[in-house]
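*Asks:*
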Amino acid sequence: MTPTSHSQHEPNTNGTLIKMLVLALLLLAVLAGALWFQQSWGPQQGTNRHPCDLQQGPCKIELTQGTLQLDAGPLPLRSLSPIKLQLQLEGSEARQIKANLQGSDMYMGVNSFEFQPGDTTGQWLGQTELAVCTTGQMRWQLILDVITDSGTEQHLFEFEAR
11 MTPTSHSQHE
21 PNTNGTLIKM
31 LVLALLLLAV
41 LAGALWFQQS
51 WGPQQGTNRH
61 PCDLQQGPCK
71 IELTQGTLQL
81 DAGPLPLRSL
91 SPIKLQLQLE
101 GSEARQIKAN
111 LQGSDMYMGV
121 NSFEFQPGDT
131 TGQWLGQTEL
141 AVCTTGQMRW
151 QLILDVITDS
161 GTEQHLFEFE
171 AR
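Last residue of the sequence shown: 172 (my numbering), numbering continuous.
1. Rounded C-beta distance between Gln137 and Pro68? I'm assuming under 8 Å.
2. Could you spell out where the beta strand (DSSP E) holding Pro92 opens and where it closes?
3. If you drop the 5 nearest sequence neighbours on each side, which residues of the same chain put their C-beta closer than 6 Å to that of Gln48?
4. Can you tell me whether DSSP reads Asn24 as helix, strand or coil?
5. Thinking C-beta only, is Glu100 closer than 8 Å to Thr77?
6. Would you kindly work out how many angstroms separate the C-alpha atoms of Asp81 and Leu38, rounded to a whole number?
7. Hey, which unbroken runs of the beta strand (DSSP E) at 3 residues or more fall wholly within the segment 88-163?
8. Taking the beta carbon of Gln112 as the centre, do at least 16 other beta carbons fall within 10 Å, making it buried, or is it exposed?
9. Whose C-alpha, out of Cys62, Pro61, Gln96, is nearest the C-alpha of Gln133?
10. Check whether the Cβ atoms of Arg172 and Gln151 lie closer than 8 Å to each other.
11. I need the DSSP call for Gln8, collapsed to helix, strand or coil.
12. Taking the straight line between their C-alpha atoms, what separation do you get for Lys29 and Pro61?
13. Leu85 by DSSP, collapsed to three states: which one?
14. Beta strand (DSSP E) containing Arg59: first to last residue?
15. Could you compute how far the alpha carbon of Ser122 sits from the alpha carbon of Glu139?
16. Hey, would you say Asp159 sits closer than 8 Å to Lys108, going by beta carbons?
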């Protein structure tokens with residue numbers, strides 16, 4: 011009878027342990043990245059959420075100082091069609107208005123853009139487009155950062171589109 015080596019039949023516990031450790035570290039890195047992304051691109055703490063549906067027409071809201079009216083069109087808002095946004099500020103002067111459009115329940119990529127001052131006082135204009143969603147209908151979040159001399163107010167509007 012010839013002697014057999016035990017190492018041929020026993021699992022390599024060191025190699026398995028290293029693989030499991032690497033896998034756990036990769037999973038931890040993915041989770042940390044997802045958390046960072048959510049905090050960086052999603053609505054921040056203190057965001058003003060508005061129950062107004064942009065698919066139903068203009069949304070008018072009260073700000074700390076003044077009012078904001080947001081209109082999006084043409085209606086109905088649809089994927090892969092240009093969306094023109096018009097924002098009217100009264101009683102408050104913005105230095106800059108930034109926007110982030112994202113899926114509420116599904117990551118659809120980064121869609122950030124800035125509004126440009128319009129022809130009249132307090133008017134700001136923006137343009138964007140919704141990405142295509144494989145589910146047919148999707149809930150979207152439009153997050154606006156209204157930047158004034160006294161600080162930044164963040165406003166969130168949700169709507170559904172096909």
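Cβ coordinates follow ideal geometry from the N, Cα and C atoms, glycine included.
Computed from a predicted model, the values in this text were never measured in an experiment.
*Replies:* Working from what's here:
1. Taking the sequence shown and counting its residues from 1, one reaches residue 137 at position 127. Taking the sequence shown and counting its residues from 1, one reaches residue 68 at position 58. Their Cβ separation, rounded to whole angstroms, is 17 Å, which puts Gln137 and Pro68 out of contact at 8 Å.
2. Taking the first residue of the sequence shown as position 1, residue 92 is located at position 82. Start and end: 92-100.
3. Taking the first residue of the sequence shown as position 1, residue 48 is located at position 38. No answer about Gln48 holds up, because its pLDDT of 48 lies below 50 and its placement is not dependable.
4. On the sequence shown, residue 24 is found 14 positions in, with the first residue counted as 1. Note: Asn24 maps to helix in three-state DSSP.
5. One-based indexing of the sequence shown puts residue 77 at position 67. One-based indexing of the sequence shown puts residue 100 at position 90. Closer than 8 Å, so yes.
6. Position 71 of the sequence shown holds residue 81. Position 28 of the sequence shown holds residue 38. Whole-angstrom Cα-Cα distance: 42 Å.
7. 92-100, 104-113, 121-124, 133-139, 148-158
8. As a first step, residue 112 is located in the sequence shown; it is residue number 102 there, counting from the start. Flag for Gln112 reads buried.
9. Within the sequence shown, numbered from 1, the residue matching residue 133 stands at position 123. Answer by Cα proximity: Gln96.
10. Your numbering for residue 172 matches position 162 in the sequence shown. Your numbering for residue 151 matches position 141 in the sequence shown. No, they are not a contact pair.
11. There is no way to answer for residue 8, as the model of the chain reaches only from 11 to 172.
12. Translated into positions along the sequence shown, residue 29 becomes position 19. Translated into positions along the sequence shown, residue 61 becomes position 51. The straight-line gap from Cα to Cα measures roughly 48 Å.
13. By 1-based counting over the sequence shown, the position of residue 85 is 75. Leu85 falls in the coil class under three-state DSSP.
14. Counting from one through the sequence shown, the residue named residue 59 turns up at place 49. Start and end: 58-60.
15. Locating residue 122 in the sequence shown gives position 112, counting from the first residue. Locating residue 139 in the sequence shown gives position 129, counting from the first residue. Spanning the two alpha carbons is a distance of roughly 11 Å.
16. By 1-based counting over the sequence shown, the position of residue 159 is 149. By 1-based counting over the sequence shown, the position of residue 108 is 98. Going by C-beta atoms, Asp159 is not nearer than 8 Å to Lys108.
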